[in-house]
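>
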Amino acid sequence: MAKTTLLSLVAACLLIVPSSARPETPDITNHYTSFKNPPVTSRPLFRYWLPDASADVSKVADDIASAGSIGAGGVEFVPFYQYGGHGGRYPPGADWATYGFGSPAFVDVLEQAAKAHVSHGLKMDFALGPNQGQGVPADPDEEGLQWDLFPFAIQVPANGSLENPLPGWGTGKLVSLVTATVDSRQTRELGANPFPGASDTHTSFVLTNGSLVQHTNKVSTEGIVKYKFPKTPDGTEQWAFAFYSRRSLIKNLKFSSNDTNPIYSNGSYTVDHFSAKGAKVTIRFWQNYILKNSNVRSLIKQCAEAGWEDSPEILSTITWTPDIPKLFKRRHGYDLLTYLPLIMDKSNNLAIQAGVLGPFEAVLNTPDKGQGVVNDFVEILELCYREYITTLRDWLQTNLGLNFRTQVSYNLPMDMGANVPFVDIPEAESLGFHDNPDAYKQYIGPAVLAGKKVVSNELGAMPGRPYSQLLTELLFSADAAFAANTNKFVLHGQPYSGNYYNTTWPGYTPFQYGFSELYSPRQPAWEHGLDEVLGYLGRAQHSMQMGVANLDVAIYNKVAKTDPLWTYNVYAENDLERASYTYAYVTPANFRLPQAYVDNKVLAPKTGAFKALVLPARSNITLQAIEDITRFAKAGLPVILVDSPVFLPTNRRGEEFKTWDAYKSLLKLPSVHQSKKSKVAATLQSLGIRPKVTAISDKLWKHARRWDPVSGMDLIFILGASQPSTGIVKIASKGVPYWFDAWTGTQEPVLFYSADRLSGTINIPLSLAANQTAIIAVSNKPLKYVETPVVHISKKPAGILGGKLTSRHEIELHATSRSSSGRVTLSNGASHSIKYFDSPEEIQLEKWTLTAEHWEAPSNFSDASAIASKRNSTHILTAPLKSWTELGPQLTNSSGLGYYSTSFTWPPSHYSTKNLDGAYVKFEPVMHAMKLWVNGKRLPPVDPRNPVVDLGPFMKRGENEILAVVPTTMWNYVRSLLPRIRNAGDIPLEISTEDIQLKWPTPAKTDNGLVGRVYLVPYHKVTLRL
């Protein structure tokens, strides 16, 4: 974009319209009928780590096909190169000059990967550059590469003359020379640190307000200041601060090479993330080196969904781009260059460089310590970053018909929520967000308000947990994100499975074994549990991508810089959650989106449908925020103010006075209400604002709601507590409720519920195991493709384990001995009694045989492409079952598959089949995964959090056999081999490079196998004629 255009857009304070993902014409009916077998676009992806372009293309194609065969929608194709050369030594024998990003070899691998997706009907996302996609091979003189700003300081002598060249002269282009009177300063010694901007010493200054003066024009071409500075009062110091800008030339793919031709022979440079010029460097490289291959362009258009960039893991001293001073002055009306000393600290990567101190830090001796200048600077960074992401977004849409998916501004020194709406698919991550619902809500709110159909999540990375992540841990992370309205997952991840330089079995492992997880056919769970987890995730994603997310309340959240470590919750009280109000955070920049209007007292009625806006205590207010909130309040939106706000400082003259004046006027509006901490839910109720869904339980449940205005369908995702719990889900609807089972794909009517026609609510009783989930769909009309009873059950006795609809006029209940002689009441008032019958309450299955299939290294330990060498051992077990780590030396360090078998006689002795029609098998929660067979017949998928399954249709009179196939993690066996293992020439759990020095402790063994007791729960069939 031309400079003049950018300047004019900044003057308007809003750069570019928010994105709309590629338009599609959805088939509403098909969206629901395809629930059991969702399309690939609804299925999770694997992040696929390609070590470099020397990889065997046939292996790459096989890996992609294998991912699709177990239920993935495809892969996110990431050319990893040892984390860009930063996360491991250059592999001995590798030739990244020949096999670098964008080389002919790379283009060939990309083409074959795309072909594999097309041939298997899969969808592919791809990184826009090597490693995290944050740069491409380029001429080091490109203006669009990353810039950095370097500070230097020197005390001005008492005579006021600097006779030598300025400190730092020659570092780069002099941007500004500023002098200031120092009230106080403190210097401390620091240890060595390899990060940019780090220093052996750190000096903190307190500067006198009004003393900062710029002298840039007084510096000669030799760096000499031809000026005598005025004397300062006795006892005070005067310091000069010099700032130089230059391209950082930091590489996101680095290796030793003297070749510069072709361009990819010298690695890849991080591009400027604060201008369109940076985006255009990436665009030009793709056009000139990758997409000039017409086959690749055509295949990408056929199979790709999105171009992708990871969280900005770029490093700098001070975040910079050359246009900032001009943009700043036009927007704020004063010269940033005079105040550069105030932005010397924490103006770089807030996560990666969180503990890195630069040489200097300066504040003013004013109440806000000069924070107003910093906030004004951050606002310009947000606008500049927006220019970068929207340029990439528009190119992907216009030239390839693709979306842009990225982890928006995560780690950067800015308000994250300001730019979330400006990409097609914003992405969070379970690792960085710590599975913290409050963190997700800060990201989700702007996306929901902007009407994003999909919010992605990089799922499953856990530090120091290689080959040891339990699938139940993965599910917990996924479900916590679902409950916060993220609805697309990219699993972290799937490594290339072929041989690689100096790599032994179990194969190439990114991050030197530093993070989970390494999914591949070597994992015993690959086809023995992970496939069913992917099925669950795909169906849940498919459901959660229906319609739009609707929340009850928007919570105001303005920060200068989002805390990427999420050290606090923005709304720290729990009254809203306990009262079942759903909420997410919005920031003032979102108030200028086209969706941010009020209709019928609802904010963003076509997207988030927020029924109120809450400002928590000590909210940071701005003039623009108060003006927009006033606009909303005048349109009738209830606004709730908790205690008093604070002014977010700016250095723009007079703005604080105008803000407080506007705030006083806001307080007088009839739709504005005052509240206290922990009383917001009560205030909402007093205003007649009720949650659409109320979950009343003995433990705290979380939920998310989607609303599809086209089909008239509500969809509610419920996440249980960390302990077993029971309760009632109350839904404000007069429609027909259905269970959508994401494990089996079944869609069945809810048979047991009550309807309050006066209040217009449906009340569904629900019991959930620890961390179990449920999906409830409510349709305005009965679904045509799901048979629905003419009436439903409104009351039932305890001990009814389940039931099913056999026709519109008949329900079959499964009654245990606890429900004997009870009564069932129907919604039409009819009542049915359950005759007395005699049956055992539970039958413990005590004797088991375990056939352990050991998955071990191949005889050729250097064959990194081998899956496993397998052998069996047999073990006789008695309940309670124990972990493999407790079953003796033969199993304690083993990994593989456990085939657990037992038998039972039906009916049990002393009982007749007259009253016993079947039984449920009830396991204790499964740690990893399990598949079940009864009498040689495969049972439907089992939720490991609630492994209770109806065996009735599979049982026979006499002897019955249960077979449970349980995978282990790989870790216990891999752990025993650590001294022998090499990964690209390095030992596991250690990174030692010029940039990164990391050593992870060796993780402990993981518990494996079936654990605990297993019971049969007999039942009697009761038929209700409706």
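Residues -21 to -1, 1 to 1005 in mature numbering (1 follows the signal peptide of the UniProt record, and there is no 0) are what the sequence shown lists, from first letter to last.
Heads up, the beta-carbon is just placed ideally off N, CA and C, and yes, glycines get one too.
Keep in mind the model is a prediction, meaning the values are calculated, not measured.
Whole angstroms is fine: what's the gap from histidine 682's alpha carbon to glycine 699's?
Computed Cα separation, rounded: 9 Å.
> Using the C-alpha atoms, what's the distance from leucine 663 back to glutamine 332?
Each residue's Cα considered, the two are about 41 Å apart.
> State the Cα-Cα distance for the pair alanine -10 and leucine 360, rounded to the nearest angstrom.
Confidence is the limiting factor: at alanine -10 the pLDDT is only 37, short of 50, which leaves the residue's position unreliable and the question unanswerable from this model.
> Got a sec? Which residues, its chain only, sit under 6 Å from valine 192 by beta carbon, not counting five neighbours each side?
Contacts found: Thr158.
> Mind checking who tyrosine 878 pairs with in its DSSP beta bridge?
DSSP, once it has assigned bridges, lists Thr830, Val944 as partnering tyrosine 878.
> So, at 8 Å on beta carbons, what are the nonlocal neighbours of glutamate 606 in its own chain, with the 5 sequence-adjacent residues on each side left out?
If we look at glutamate 606 and ignore the five residues flanking it on each side, its Cβ neighbours are Ala641.
> What three-state label does DSSP hand glycine 514 in the structure shown?
In the structure shown, glycine 514 sits in a helix (DSSP, three-state: H, G or I).
> Cα separation between serine 848 and arginine 501?
C-alpha separation (whole angstroms): 10 Å.
> Using beta-carbon positions only, say whether threonine 160 and glutamate 216 come within less than 9 Å of one another.
Contact flag set, yes.
> Tell me, to the nearest whole angstrom, how far the beta carbon of leucine 228 is from that of histidine 907; I am working on the premise that it is less than 8 Å.
Incorrect: roughly 46 Å between the Cβ atoms, too far for contact.
> Measuring CB atoms only, is the segment 501 to 513 touching the segment 322 to 331, in the sense that at least three cross pairs come out at less than 8 Å?
Judged by Cβ distances under 8 Å, the segment 501 to 513 makes no contact with the segment 322 to 331, as fewer than three pairs qualify.
> If we count the other Cβ atoms within 10 Å of its Cβ and call it buried at 16 or more, is arginine 518 buried or exposed?
Per the 10 Å Cβ criterion, buried.
> Suppose you measure from the CA of glutamate 292 to the CA of alanine 836; what does that come to, to the nearest Å?
Cα-Cα distance, rounded: 36 Å.
> Buried or exposed for isoleucine 49, please, with buried defined as at least 16 other CB atoms from any protein chain shown within 10 angstroms of its CB.
By the 10 Å Cβ count, isoleucine 49 comes out buried.
> Below 8 Å, can you find three or more Cβ-Cβ pairs linking the segment 60 to 68 to the segment 108 to 119?
Judged by Cβ distances under 8 Å, the segment 60 to 68 makes contact with the segment 108 to 119, as three or more pairs qualify.
> Hey, serine 882 and asparagine 939 are a contact pair by Cβ (cut 8 Å); roughly how many whole angstroms apart?
Right, the Cβ-Cβ distance comes to about 6 Å (below 8 Å), so this counts as a contact.
> Between the Cα of arginine 787 and those of Gly246, Leu762, Gly801, Gly778, spot the shortest distance and give me the residue it belongs to.
Of the candidates Gly246, Leu762, Gly801, Gly778, the one whose C-alpha sits nearest the C-alpha of arginine 787 is Leu762.
> Does the segment 67 to 83 come into contact with the segment 529 to 546, if we say contact requires no fewer than three beta-carbon pairs (one atom in each stretch) closer than 8 Å?
No, because fewer than three Cβ pairs between the segment 67 to 83 and the segment 529 to 546 fall closer than 8 Å, the two stretches do not touch.
> Please list, in chain order, all residues of the same chain as arginine 684 whose beta carbon is under 8 Å from its beta carbon, the five residues on each side excluded.
Within the same chain, arginine 684 has close Cβ partners Ala528, Asn529, Leu530, Thr561, Lys671, Val672, Asp693, Leu694, Ile695, Phe696.
> List the endpoints of the continuous alpha helix (DSSP H) containing lysine 308.
Taken as a continuous stretch (DSSP letters only), the alpha helix (DSSP H) holding lysine 308 covers 303 to 311.
> Indicate the three-state DSSP secondary structure (helix, strand or coil) for aspartate 324 in the structure shown.
Reduced to three states, the DSSP call for aspartate 324 is coil.
> By how many angstroms is the C-alpha of lysine 467 removed from the C-alpha of phenylalanine 85?
Whole-angstrom Cα-Cα distance: 28 Å.
> Per DSSP, lysine 783 is paired with what?
Glu791.
> Can you tell me whether DSSP reads glycine 63 as helix, strand or coil?
DSSP places glycine 63 in helix when its eight states are reduced to three.
> Quick check: the segment 468 to 480 against the segment 37 to 45, are there 3 or more CB pairs under 8 Å?
Yes: at least three Cβ pairs fall under 8 Å.
> Terminal residues of the continuous alpha helix (DSSP H) containing tyrosine 389?
Premise fails: tyrosine 389 is in no alpha helix (DSSP H) and is neither H nor E.
> Only counting the same chain, and skipping five residues up and downstream in sequence, which positions put a Cβ closer than 7 Å to that of proline 567?
Cβ within range, chain order: Lys537, Thr601, Gln603, Ala604, Asp607.
> Can you tell me the Cα-Cα spacing of valine 342 and leucine 186, whole angstroms?
In a straight line, the C-alpha of valine 342 is about 6 Å away from that of leucine 186.
> Just verifying my parser: in three-state terms, what is the DSSP assignment at alanine 140?
Looking at the sequence provided, one finds serine at residue 140 rather than alanine. It is a strand residue.
> If I measure Cβ to Cβ from threonine 981 and keep anything under 8 Å in the same chain, skipping five residues before and after, which residues do I get?
Only Arg954, Leu957, Leu968 meet the Cβ criterion.
> Please find out if some non-hydrogen atom of the ligand NAD comes closer than 8 Å to the beta-carbon of alanine 661.
Because no ligand of any kind appears in the structure shown, any question about the ligand NAD cannot be addressed here.
> Within the same chain, show all residues whose beta-carbon is closer than 6 Å to that of aspartate 213, passing over the 5 residues directly before and after it, in chain order.
Counting only Cβ-Cβ distances below 6 Å, and skipping sequence neighbours, we find nothing.
> Checking 9 Å against the spacing of the C-beta atoms, do residue 1008 and leucine 544 come in under that value?
Because the chain is modelled from -21 through 1005, residue 1008 falls outside the range shown and cannot be assessed.
> Let me make sure I understand the geometry here. Which of Ala397, Arg263, Tyr364 has the alpha-carbon closest to that of leucine 375?
Leucine 375 has its Cα closest to that of Arg263, out of Ala397, Arg263, Tyr364.
> Taking 9 Å as the cut-off, decide whether the C-beta atoms of glycine 931 and histidine 793 are in contact.
A contact, by the Cβ cut-off of 9 Å.
> Under the three-state reduction of DSSP, which class applies to histidine 907: helix, strand or coil?
Coil.
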